[in-house]
Each structure stands twice: as structure tokens, then as C-alpha cells.
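S.K.: Mind the numbering: the sequence shown is residues 1 to 497 in the UniProt record's numbering, read in order.
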Amino acid sequence: MNSRSLTYLPTTVPLPIPEEELLDLVNKGKDWALMHGAAMRSKKNFSADSLNFAPFSLLPSTMTRKNFQHAVELQTIFQELMHKVAYDKEFLTRCLKNTVLVDEFTAKLWQIYETVQKEGETQPISLGLVRCDYMLQSCNAEEKETPTETNENPPCNWKLVEVNTIAAGFGWLGPASRLIQRYIMEEMNLHDRLQNLPDNNALSGLCEGMLEAWRLYANPKAFILIVVEDVSYNICDQRFHQFRIRELNPNANVMRKNLTQIYNEATLNENKELVINNQIVSVVYFRSGYEPCQYHGDNEWEARLLIERSRAIKCPNIQYHLAGCKKVQQELAKPGVLESFITDKDSIKAIKDVYVGIHGLEFDECGEHAINLALTNPEKYVLKPQREGGGNNIYGIEIKEYINKMKDSQERTAWILMERIFPPITKGYIVRPGEPVPPTISEVVSEFGMYGVIIGDSKKIISNRQVGHMLRTKTATANEGGVASGLGALDSPYLID
Ligand SMILES: Nc1ncnc2c1ncn2[C@@H]1O[C@H](COP(=O)(O)OP(=O)(O)OP(=O)(O)O)[C@@H](O)[C@H]1O
Ligand SMILES: [Mg+2]
Numbered sequence: 001m002n003s004r005s006l007t008y009l010p011t012t013v014p015l016p017i018p019e020e021e022l023l024d025l026v027n028k029g030k031d032w033a034l035m036h037g038a039a040m041r042s043k044k045n046f047s048a049d050s051l052n053f054a055p056f057s058l059l060p061s062t063m064t065r066k067n068f069q070h071a072v073e074l075q076t077i078f079q080e081l082m083h084k085v086a087y088d089k090e091f092l093t094r095c096l097k098n099t100v101l102v103d104e105f106t107a108k109l110w111q112i113y114e115t116v117q118k119e120g121e122t123q124p125i126s127l128g129l130v131r132c133d134y135m136l137q138s139c140n141a142e143e144k145e146t147p148t149e150t151n152e153n154p155p156c157n158w159k160l161v162e163v164n165t166i167a168a169g170f171g172w173l174g175p176a177s178r179l180i181q182r183y184i185m186e187e188m189n190l191h192d193r194l195q196n197l198p199d200n201n202a203l204s205g206l207c208e209g210m211l212e213a214w215r216l217y218a219n220p221k222a223f224i225l226i227v228v229e230d231v232s233y234n235i236c237d238q239r240f241h242q243f244r245i246r247e248l249n250p251n252a253n254v255m256r257k258n259l260t261q262i263y264n265e266a267t268l269n270e271n272k273e274l275v276i277n278n279q280i281v282s283v284v285y286f287r288s289g290y291e292p293c294q295y296h297g298d299n300e301w302e303a304r305l306l307i308e309r310s311r312a313i314k315c316p317n318i319q320y321h322l323a324g325c326k327k328v329q330q331e332l333a334k335p336g337v338l339e340s341f342i343t344d345k346d347s348i349k350a351i352k353d354v355y356v357g358i359h360g361l362e363f364d365e366c367g368e369h370a371i372n373l374a375l376t377n378p379e380k381y382v383l384k385p386q387r388e389g390g391g392n393n394i395y396g397i398e399i400k401e402y403i404n405k406m407k408d409s410q411e412r413t414a415w416i417l418m419e420r421i422f423p424p425i426t427k428g429y430i431v432r433p434g435e436p437v438p439p440t441i442s443e444v445v446s447e448f449g450m451y452g453v454i455i456g457d458s459k460k461i462i463s464n465r466q467v468g469h470m471l472r473t474k475t476a477t478a479n480e481g482g483v484a485s486g487l488g489a490l491d492s493p494y495l496i497d
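#1: Where does Cys-207 fall in DSSP's three states?
#2: Using CA coordinates, which residue listed in Ala-54, Pro-14, Trp-32 and Gly-37 is at the minimum distance from Gly-434?
#3: Compare the Cα-Cα distances from Thr-376 to each of Ile-397, Thr-115 and Glu-362 and report the closest residue.
#4: Of the residues Ile-125, Thr-475 and Thr-62, which one's Cα is nearest the Cα of Leu-194?
#5: Could you check where the beta strand (DSSP E) with Ala-484 kicks off and where it finishes?
#6: Skipping 5 residues on each side, what residues in its chain have a beta carbon closer than 8 Å to that of Thr-368?
#7: Which word fits Pro-60, buried or exposed, when buried means at least 16 other C-beta atoms lie within 10 angstroms of its C-beta?
#8: Please report the residue range of the beta strand (DSSP E) in which Asn-157 lies.
#9: Does DSSP put Arg-458 in a helix, in a strand, or in coil?
#10: In the DSSP assignment, what residue or residues form a beta bridge with Asp-491?
#11: If you measure between the beta carbons of Leu-417 and His-469, is that distance less than 8 Å?
#12: Which term fits Thr-413, buried or exposed, when burial requires 16 or more other beta carbons within 10 angstroms of its beta carbon?
#13: Could you pull out every residue in the same chain whose Cβ sits closer than 6 Å to the Cβ of Asn-392, ignoring the five residues on either side in sequence?
#14: Please indicate yes or no: does the CB of Asn-164 lie closer than 7 Å to some heavy atom of ligand 2?
#15: Please report the distance separating the alpha-carbon of Ser-288 from that of Asn-299.
#16: Once DSSP output is grouped into helix, strand and coil, what is the label at Glu-145?
#17: Assuming Thr-473 and Ala-489 form a contact by the criterion Cβ under 8 Å, report the distance between their Cβ atoms to the nearest whole angstrom.
#18: With H, G and I counted as helix, E and B as strand and the rest as coil, what does DSSP make of Gln-123?
#19: So is the beta-carbon of Asn-157 under 7 Å away from any non-hydrogen atom of ligand 1?
#20: Taking Met-185 as part of the alpha helix (DSSP H), name the residues at either end of that continuous run.
#21: Distance, Cα to Cα, Tyr-285 vs Ile-351?
#22: Label residue 500 either buried or exposed according to how many other C-beta atoms from any shown protein chain fall within 10 Å of its C-beta, with 16 as the threshold for buried.
#23: Please tell me whether, using a cut-off of 7 Å, the distance from the CB of Asn-377 to the nearest non-hydrogen atom of ligand 3 is below it.
#24: Leaving aside the five residues before and after Val-328 along the sequence, list all residues of the same chain whose C-beta is less than 6 Å from its C-beta, in chain order.
#25: Who are the Cβ neighbours of Pro-493 in its own chain at under 8 Å, not counting the five residues just before and after it?
#26: Given a threshold of 16 other Cβ atoms within 10 Å of its Cβ, counted over all protein chains shown, does His-83 qualify as buried or as exposed?
#27: On the CB-based measure, 16 or more other CB atoms within 10 Å of its CB, does Leu-81 come out buried or exposed?
#28: Could you tell me if the beta carbon of Asn-153 falls within a distance shorter than 7 Å of some heavy atom in ligand 1?
#29: Pick out whichever of Phe-170, Ile-348, Asn-200 and Ile-496 has its Cα sitting closest to the Cα of Val-72.
#30: Tell me whether Val-431, by its Cβ, gets closer than 7 Å to a heavy atom of ligand 1.
#31: Which one or two residues does DSSP pair with Leu-129 in a beta bridge?
#32: Let's see if you can read the secondary structure: which residues bound the beta strand (DSSP E) around His-359?
#33: Look at the Cβ atom of Leu-259, then the Cβ atom of Arg-309, and state whether they are nearer than 8 Å.
#34: Can you check the stretch 25 to 85 for any beta strand (DSSP E) of at least 3 residues that lies completely inside it and give the ranges in chain order?
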């Protein structure tokens with residue numbers, strides 16, 4: 001365990017739960033999850049025809065109402081910021097000019113951006129389905145020497161992990177987590193406490209965002225295209241969007257294609273509309289295209305360029321994708337930068353309060369200072385490349401090795417160094433497929449994601465709203481908490497005062 005995770009949060013109910021009752025609840029929870037699509041395809045024993053339930057926390061994790069509400073309020077502020085950043089070519093250029101010299105993936109995205117900028121804008125409107133990720137940090141984490149277990153609430157504030165502008169998942173699994181835990185609490189006769197599970201309409205909210213963009217395109221026959229991986233393990237978290245869109249508007253059609261299929265099947269018509277199998281596509285929702293391995297070669301890059309050249313409304317468009325780069329988020333944290341995008345003083349303060357220190361690794365005084373910090377206290381930092389999708393960051397002692405390897409090479413300028421957040425620990429039962437039951441009590445930490453929709457162009461924001469949330473919980477000793485990678489588990493907040 002890292003030495004600074006010293007604060008404990010109260011549990012929703014006193015633990016342990018007697019073994020027989022626990023076993024019964026776990027088995028019910030597993031079946032509930034499987035039968036309601038809180039599930040994933042197995043990576044180990046893949047079959048397109050079967051699902052495993054997704055790992056989940058048996059009971060929700062406590063969170064103060066104040067913290068919950070705070071994250072709700074921050075959402076539209078961050079979205080306005082990201083929107084303005086995405087449409088600021090000069091700022092994006094300044095942020096990424098060194099990165100594109102050494103990071104091939106970002107360079108390819110940049111090339112597409114430059115190409116479509118030169119050719120002229122075909123679709124001024126962008127659709128952002130954004131997820132801000134936070135962890136709580138105890139207000140006095142640094143002073144404590146020994147862990148204290150208390151059923152009182154230590155004061156904690158949010159710290160921003162990052163803002164995701166592409167393929168922010170869990171729009172379904174977020175709400176589904178609440179539904180599993182709600183069922184478990186009902187089985188425990190805790191009916192009077194269910195009002196502490198906040199509503200979560202993330203799936204509908206995100207789908208309504210897509211439908212709003214679809215209506216703006218003003219062609220009721222046009223399709224929404226979901227750009228998918230070659231194999232979708234997290235299939236429930238994509239198909240449920242498709243099903244919900246059908247429920248919300250029976251006239252809206254959805255198709256799913258990977259980048260290779262788009263290369264083979266898509267063209268632009270004389271109006272620069274994206275056409276696939278004789279159908280016009282009005283909205284493109286990327287659930288792939290954020291990792292180098294999702295582009296097998298030039299064809300997939302051609303497909304991405306074709307989409308960007310088209311009149312379809314993209315989620316995200318290329319500049320929103322670039323605005324979500326970790327390098328851009330690091331530049332935003334520099335003194336005086338926020339002020340050039342946001343005028344409201346309270347909003348600027350609200351953003352600054354949730355930032356932790358983030359450093360660039362350029363060959364200048366600040367970069368050298370950051371290198372020194374990383375080499376002196378690696379356990380206090382996370383070293384991040386320009387990647388999405390989890391599993392790419394470097395932690396602890398390995399940071400030293402990485403920094404020593406690259407400190408004299410240009411490569412370092414494509415990385416950022418972020419202060420590590422040490423969230424408070426709580427205890428819970430994590431239920432995983434293929435593991436013995438009943439589970440034992442684990443020490444866990446959580447990461448909260450807040451969703452929102454933002455639609456607009458370079459001159460105005462048409463819609464900007466918060467639409468739901470998700471909570472992921474992982475063992476306190478794990479660095480990252482990806483649910484698909486097996487480390488994290490579905491969870492949802494239980495609000496306390
Ligand atoms: N500053 C930090 N302090 C503590 N943990 C962190 C920090 N930054 C990242 N992490 C952990 O690493 C995970 C991945 O980090 P990050 O979100 O930056 O990368 P990513 O590849 O974009 O992941 P995702 O696909 O979830 O967006 C986070 O979900 C969190 O668990
Ligand atoms: Mg991310």
C-alpha cells in the first residue's frame with residue numbers, strides 16, 4: 001500500500017456481513033448483473049456469444065452529498081473550458097508543437113487536424129460527450145502518520161485525474177452499478193436507505209446528446225455511426241446506447257463499423273456528406289480510434305481523415321480529441337492560462353481548487369525542476385504519455401527508470417508528470433467472475449466520473465449540461481482501476497452528510 005493512503009471512509013453498512021447471508025447476496029448480485037447486462041465479454045475465454053458479469057462492489061461506497069454536488073457543478077465549467085480550448089488553434093499549436101515532433105500517434109492526429117483546417121471547415125458544430133474523472137483527497141492527508149479507522153467523515157476534496165473527450169465509457173455500466181447495488185440493498189431490507197443512491201441517467205443523457213446532434217443535422221433518414229474496435233469486449237457499454245437511442249426515438253437509426261470497414265465502405269458525396277452503404281451518416285460517435293493499435297495501417301488513418309472531412313457531426317471532432325491530450329491539460333494548469341478561456345472568477349477558482357500539480361518535461365527550467373522532483377520522490381507522482389485507454393501510465397520506482405532512460409532525449413517532452421492523488425480508503429466486498437465466493441473484505445479506493453454533453457461551434461455553445469455519473473472502485477494497492485482490465489469494479493455512490 002502506498003504510504004499516504006491513510007484516511008478511511010465509513011462503509012454503507014457495518015462489515016462483515018455474516019457468511020451465509022453474504023454468499024446468498026453475492027450469488028443474487030452476480031445473476032442480477034448477468035441478466036441485466038452489467039457484463040463484458042471475457043478476454044480469457046472469448047466468445048462473441050457469451051458474457052461474464054462485470055466485477056462489481058456488492059455495496060455502494062459512501063460519498064458526502066457536498067462532494068457529489070460539487071462534481072455536478074464543476075461539469076459544465078470544465079466542458080465550457082474544453083470547448084473553448086478545442087476551438088483555439090493557436091493554443092493547441094502551442095501546447096502540442098513539441099509533442100508532435102516525438103509522439104507519432106499525436107502527430108498523425110495533428111496532421112488530420114491541419115489538413116481539414118487547410119481545406120476549410122465542413123461541419124462547424126461539435127458534439128462533446130465528456131467525462132471528468134476525479135479522486136477524493138483528504139484535506140489533511142499529509143499530516144497523518146498512522147491509519148485511523150473511523151466511522152466519521154474526514155473532510156476530502158476532489159482532485160481532477162483528467163477530462164476525457166473521446167470514448168468516455170460506462171454510460172451504461174455507471175447506471176447499471178447503482179441498479180445492482182439497489183437490488184442488493186433491497187434484499188437486505190434497507191428500503192428506507194435507497195433514497196441515498198442518487199439517480200443516474202447517464203445512458204439516456206448521453207444518447208439524448210447524440211439525438212440532439214442528429215436533429216441539428218436535420219435529415220431524419222440519416223444514421224448515427226458508432227466507430228467500434230475490431231472486437232468489443234465492453235459490448236454492453238456500447239449496445240445499450242444503441243438500444244436506448246431506439247427507445248428514445250424509434251426513427252433514429254444506428255450503425256456500428258470499425259475503422260477498416262469505414263475505409264472499405266465509406267465515401268463522401270458531392271455535398272461532403274458521409275455515405276456508408278447508401279446511407280447518409282449525420283453523427284459519428286467514436287468508441288475507438290484513441291489508441292495506436294486501433295489503426296492497423298494507412299487505411300484506418302484514411303478512414304479517420306474521411307470522417308473529419310465529412311459534414312457529419314463528430315463526437316469528438318479532431319480538435320476535441322486533441323484538446324483532451326494530457327499535454328494540453330498540463331498546459332491548462334499553468335499559471336494565467338485558464339484566465340484566457342474563462343472570465344468568471346468563481347469558475348476559475350473552482351477549476352484551480354481541483355487541480356494538482358502537473359509538470360511538462362521540456363528542456364527548460366520548469367522541465368528540469370520536474371525531472372528533479374520525479375527522481376527525488378517518484379512515489380509522489382504519476383508519469384503519463386499521450387495515451388488513452390488505461391495501462392499506459394508509470395508509477396513509483398519505475399518513474400525513476402523511465403526518467404533516467406529518456407532525460408537526455410526529446411522523447412521526454414511528450415510525457416507529463418502529475419502529482420499522485422491519494423484517495424481515502426474504504427472497505428468492501430468486490431465480486432469478480434471466476435473468483436471464490438464469498439469474497440473477503442478488501443481495502444479499496446474509488447474514482448468518480450461525471451458525464452456531460454456539450455454542443456456548439458466556434459462562436460456559441462448551444463447546449464451544456466451534466467447528465468450522470470459513474471464510480472469505479474479498485475483495491476487500494478492497485479495503481480490503475482480499469483474494470484475491463486480486471487483491476488477495477490463497478491460501484492456507485494451512497495450519499496451521506
Ligand atoms: N494523479 C493521479 N493520482 C493517482 N492515480 C492516478 C492519477 N492519474 C491517473 N491515475 C490512475 O490511473 C488511471 C488512468 O489514468 P488516466 O485517466 O490519466 O489515463 P487514461 O489512459 O486516459 O485512462 P482512461 O482510459 O480511464 O481515461 C486513473 O483511472 C487512475 O486510477
Ligand atoms: Mg483518459
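We treat Cβ as the ideally placed atom computed from N, Cα and C, and that holds for glycine.
M.R.: Inspection of the coordinates gives the following:
#1: DSSP, reduced to helix, strand and coil, places Cys-207 within a helical segment of the structure shown.
#2: The residue with the shortest Cα to Cα distance from Gly-434 is Ala-54.
#3: Answer by Cα proximity: Ile-397.
#4: With distances taken between Cα atoms, Leu-194 lies closest to Thr-62.
#5: For Ala-484, there is no enclosing beta strand (DSSP E), as DSSP gives it neither H nor E.
#6: In the sequence on display, residue 368 carries Glu and not Thr. None.
#7: Buried is the label assigned to Pro-60, since at least 16 other Cβ atoms lie within 10 Å of its Cβ.
#8: Start and end: 156 to 164.
#9: Residue identity check: residue 458 is Ser in the sequence provided, not Arg. DSSP, read as helix, strand or coil, puts Ser-458 in coil.
#10: For Asp-491, which the question treats as bridged, DSSP gives the partners Leu-471.
#11: Their beta carbons are not under 8 Å apart, which means Leu-417 does not touch His-469 by this criterion.
#12: Classification of Thr-413: buried, given that the 10 Å Cβ count is 16 or more.
#13: Taking C-beta separations shorter than 6 Å and ignoring five residues to either side along the sequence, the partners of Asn-392 in its chain run Pro-385, following chain order.
#14: Ligand 2 has a heavy atom closer than 7 Å to the beta-carbon of Asn-164.
#15: Approximately 15 Å between the Cα atoms of the pair.
#16: Legend: pLDDT at Glu-145 = 47, less than 50; position of this residue unreliable, value from coordinates given subsequently. Glu-145: coil per DSSP, three-state reduction.
#17: About 5 Å separates the two Cβ atoms, so the contact holds.
#18: Residue state, collapsed to three classes: coil.
#19: Checking every heavy atom of ligand 1 against the Cβ of Asn-157, none is found closer than 7 Å.
#20: Element bounds for Met-185: 173 to 187.
#21: Pairing Tyr-285 with Ile-351, the inter-Cα distance amounts to about 27 Å.
#22: Residue 500 is absent from the model: the chain starts at 1 and stops at 497.
#23: Here the bound small molecules are ligand 1 and ligand 2; ligand 3 is not part of this structure.
#24: For Val-328, same chain residues with a beta-carbon under 6 Å away, outside a window of 5 residues either side, are Cys-95 in chain order.
#25: Closer than 8 Å at Cβ, skipping near neighbours: Pro-60, Ser-61, Thr-62, Met-63, Phe-68, Leu-197, Pro-198, Phe-448, His-469 and Leu-471.
#26: Only buried fits His-83, as 16 or more other CB atoms lie within 10 angstroms of its CB.
#27: Buried is the call here.
#28: Every heavy atom of ligand 1 is 7 Å or more from the Cβ of Asn-153, so no.
#29: The shortest C-alpha separation from Val-72 is found at Asn-200.
#30: No; taking the cut-off as 7 Å, the Cβ of Val-431 has no heavy atom of ligand 1 nearer than that.
#31: DSSP lists Val-453 as partners of Leu-129.
#32: Looking at the DSSP string, the run of the beta strand (DSSP E) that includes His-359 is 358 to 360.
#33: No, the pair does not count as a contact, with Cβ atoms beyond the cut-off.
#34: List check, beta strand (DSSP E) in window: 61 to 64.
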